[in-house]
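Peer 1:
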Amino acid sequence: MNNSFYGRNFLTLLDFSKEEISDLLTLAAKLKAKKKANAECRPLTGKNVVLLFEKDSTRTRCAFQVGANDLGMNITYLGPTGSQMGKKETIKDTARVLGRMYDGIEYRGYKQETVEILGEYSGVPVWNGLTDKYHPTQILADFLTIIEKFGHLEGINFTYFGDARNNMGNSLMIGAAKMGINFTACAPKALWPSANLVETCKKIAAESNAIIRLTEDAMIASENADVIYTDVWVSMGEPESVWKERIETLMPYQVNQKIMENAGETAIFMHCLPAFHNKDTKIGVDIFEKFGIDAMEVTEDVFESKQSVVFDEAENRLHTIKAVMYATMREPK
Ligand code: CP
Ligand code: NVA
Numbered sequence: 004m005n006n007s008f009y010g011r012n013f014l015t016l017l018d019f020s021k022e023e024i025s026d027l028l029t030l031a032a033k034l035k036a037k038k039k040a041n042a043e044c045r046p047l048t049g050k051n052v053v054l055l056f057e058k059d060s061t062r063t064r065c066a067f068q069v070g071a072n073d074l075g076m077n078i079t080y081l082g083p084t085g086s087q088m089g090k091k092e093t094i095k096d097t098a099r100v101l102g103r104m105y106d107g108i109e110y111r112g113y114k115q116e117t118v119e120i121l122g123e124y125s126g127v128p129v130w131n132g133l134t135d136k137y138h139p140t141q142i143l144a145d146f147l148t149i150i151e152k153f154g155h156l157e158g159i160n161f162t163y164f165g166d167a168r169n170n171m172g173n174s175l176m177i178g179a180a181k182m183g184i185n186f187t188a189c190a191p192k193a194l195w196p197s198a199n200l201v202e203t204c205k206k207i208a209a210e211s212n213a214i215i216r217l218t219e220d221a222m223i224a225s226e227n228a229d230v231i232y233t234d235v236w237v238s239m240g241e242p243e244s245v246w247k248e249r250i251e252t253l254m255p256y257q258v259n260q261k262i263m264e265n266a267g268e269t270a271i272f273m274h275c276l277p278a279f280h281n282k283d284t285k286i287g288v289d290i291f292e293k294f295g296i297d298a299m300e301v302t303e304d305v306f307e308s309k310q311s312v313v314f315d316e317a318e319n320r321l322h323t324i325k326a327v328m329y330a331t332m333r334e335p336k
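The working numbering puts the sequence shown at residues 4 to 336.
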């Protein structure tokens, strides 16, 4: 692997070439194999990273924590409360303070601008653990999973159902365009990604021979799809008041058995998680009581089916996040 990553931020996949994304995926696969073989060597021993979370997380937080530990590093976790960040102290000042103490910074929160300011002023690598706009580390895990299942990314037909202008819709479209994956976003027009981003991705796709397609037709979108992907209909940070409208507009885009059958038996089902596929959560019960539905973006049978690879994806968060930390922190020899 080349060393072009050293000292760089990981804020959006737009900043990385096809070859670089491919290198990160290869590195993640190597780190995964090493971990399985109990052959890890803690190459970043003695370094310190801070994890800033303004929103909740299970996978991303644990992947950064375990990944940092596996690489030999120490971590500090700062949650939505308990630090001065954003309340008494500006992000720019926080960046300069943390950069004096830590060798790397992870940020999950609202504005993409916040992670960009951290990246600009801290002087150490900053990794985007999700903002309202992008979720780039998730895409690496998804792509590693697709490689494990199909052996390649180029030419894969990938269909995303749901809120296509959220962080996942945006980031998957960018990643697909970069890597030569044919990307279809299937959603009502109001939930399509911005025209600007679509245009940017179409230009990138022209180089990688990928097709970017937007449609409101679930049958056209799922036909011949290798991957059927969905995400929650209401993202973190959105008000409860949007649930009603979102459920009404997105119910025709729920991933159910009909969609999977139309895609065919070799298609896989993917979801970044957490997913609303039954009533066994607090919000699941709440939604059932208010709207009478027992699943949202994906039905229980699809989620639990053999075609579902969601827990492989979740595991791959660890290996890919570890690759990002390692690549950006490892000093070139
Ligand atoms: N997929 C994902 O980012 O999950 P968490 O919100 O649990 O980190
Ligand atoms: N779109 C979701 C992704 C969660 C990983 C959210 O932002 O809540």
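Where a beta carbon is used, it is the ideal one built from N, C-alpha and C, also for glycine.
May I ask which residues mark the beginning and end of the beta strand (DSSP E) holding I159?
Peer 2: Taking the first residue of the sequence shown as 1, we reach residue 159 at position 156. No beta strand (DSSP E) holds I159; DSSP gives it neither H nor E.
Peer 1: Just reading off the alpha helix (DSSP H) that I286 is part of, what are its end residues?
Peer 2: For the purposes of this step, residue 286 is taken as the residue at position 283 of the sequence shown. Start and end: 285-294.
Peer 1: What residue from S20, E23, G10, A32 has the CA that sits closest to K325's CA?
Peer 2: Looking up residue 325 in the sequence shown gives position 322. The shortest C-alpha separation from K325 is found at A32.
Peer 1: Could you give the distance in angstroms between the alpha-carbon of G287 and the alpha-carbon of F306?
Peer 2: Within the sequence shown, numbered from 1, the residue matching residue 287 stands at position 284. Within the sequence shown, numbered from 1, the residue matching residue 306 stands at position 303. So the two alpha carbons sit approximately 15 Å from each other.
Peer 1: Under three-state DSSP, which class holds H155?
Peer 2: If you number the sequence shown from 1, residue 155 lands on position 152. Note: H155 maps to coil in three-state DSSP.
Peer 1: In chain order, what residues of the same chain lie with their CB nearer than 6 Å to the CB of I1, ignoring the 5 residues before and after it?
Peer 2: What is shown of the chain runs 4 to 336, which leaves residue 1 out entirely.
Peer 1: To the nearest angstrom, report how far apart W236 and K336 are at their CA atoms.
Peer 2: Taking the first residue of the sequence shown as position 1, residue 236 is located at position 233. Taking the first residue of the sequence shown as position 1, residue 336 is located at position 333. So the alpha carbons of these two residues sit roughly 46 Å apart.
Peer 1: What residue does the alpha helix (DSSP H) around R99 start on, and which one ends it?
Peer 2: Looking up residue 99 in the sequence shown gives position 96. Note, R99: alpha helix (DSSP H), 94-104.
Peer 1: Measuring CA to CA, which of F279, L27, H280, K206 is closest to V150?
Peer 2: Taking the sequence shown and counting its residues from 1, the one referred to as residue 150 is at position 147. Just to set this straight, residue 150 is Ile in the shown sequence, not Val. Of the candidates F279, L27, H280, K206, the one whose C-alpha sits nearest the C-alpha of I150 is L27.
Peer 1: Within the chosen definition, does the region 174-185 reach the region 204-213 through at least 3 CB pairs nearer than 8 Å?
Peer 2: These segments touch.
Peer 1: Kindly examine ligand 2 and report whether one of its heavy atoms sits closer than 6 Å to the Cβ of C65.
Peer 2: The residue labelled residue 65 in the question sits at position 62 within the sequence shown. No, ligand 2 has no heavy atom inside 6 Å of this Cβ.
Peer 1: Measuring only from the beta carbon, is V258 closer than 6 Å to any heavy atom that is part of ligand 4?
Peer 2: Ligand 4 is not among the ligands present in this structure, which contains only ligand 1 and ligand 2.
Peer 1: What would DSSP say about K239, mapped onto helix, strand or coil?
Peer 2: Translated into positions along the sequence shown, residue 239 becomes position 236. According to the sequence shown, residue 239 is Met rather than Lys. Looking at M239 - three-state DSSP - the assignment turns out to be coil, as it is neither helix nor strand.
Peer 1: Grab me the residues of I79's own chain with a C-beta within less than 6 Å of its C-beta, minus the 5 sequence neighbours each way, in chain order.
Peer 2: As a working note, residue 79 is residue 76 in the sequence shown. The residue asked about is misnamed: residue 79 is Thr in this sequence, not Ile. Result list for T79: V53, in chain order.
Peer 1: Quick check: is any heavy atom of ligand 2 less than 6 Å from the C-beta of M171?
Peer 2: Numbered from its first residue, the sequence shown carries residue 171 at position 168. M171 Cβ: within cutoff of ligand 2.
Peer 1: Using the C-alpha atoms, what's the distance from Y232 back to T162?
Peer 2: By one-based count along the sequence shown, residue 162 stands at place 159. By one-based count along the sequence shown, residue 232 stands at place 229. For T162 and Y232, the distance between alpha carbons rounds to 6 Å.
Peer 1: Would you give the residue range spanned by the alpha helix (DSSP H) that E316 belongs to?
Peer 2: As a working mapping, residue 316 is identified with position 313 in the sequence shown. Per DSSP, E316 belongs to the alpha helix (DSSP H) from 313-332.
Peer 1: Rounding to the nearest angstrom, what Cα-Cα distance links N131 and N173 in this structure?
Peer 2: To locate residue 131, count along the sequence shown from 1; it is residue 128. To locate residue 173, count along the sequence shown from 1; it is residue 170. Cα to Cα, N131 sits roughly 14 Å from N173.
Peer 1: With distances taken from CA atoms, which of A270, A298, L194, I24 is nearest P277?
Peer 2: Residue 277 sits at position 274 when you count from the first residue of the sequence shown. Comparing Cα positions, the closest option is A298.
Peer 1: Less than 6 Å between C-beta atoms, sequence neighbours within five positions excluded: which residues of the same chain meet that for F164?
Peer 2: Translated into the one-based positions of the sequence shown, residue 164 becomes position 161. Result list for F164: C189, T233, Y256, V258, in chain order.
Peer 1: What I want to know is whether the C-beta of C189 ends up closer than 6 Å to one or more non-hydrogen atoms of ligand 1.
Peer 2: The residue labelled residue 189 in the question sits at position 186 within the sequence shown. Not so, every heavy atom of ligand 1 lies at least 6 Å from the Cβ.
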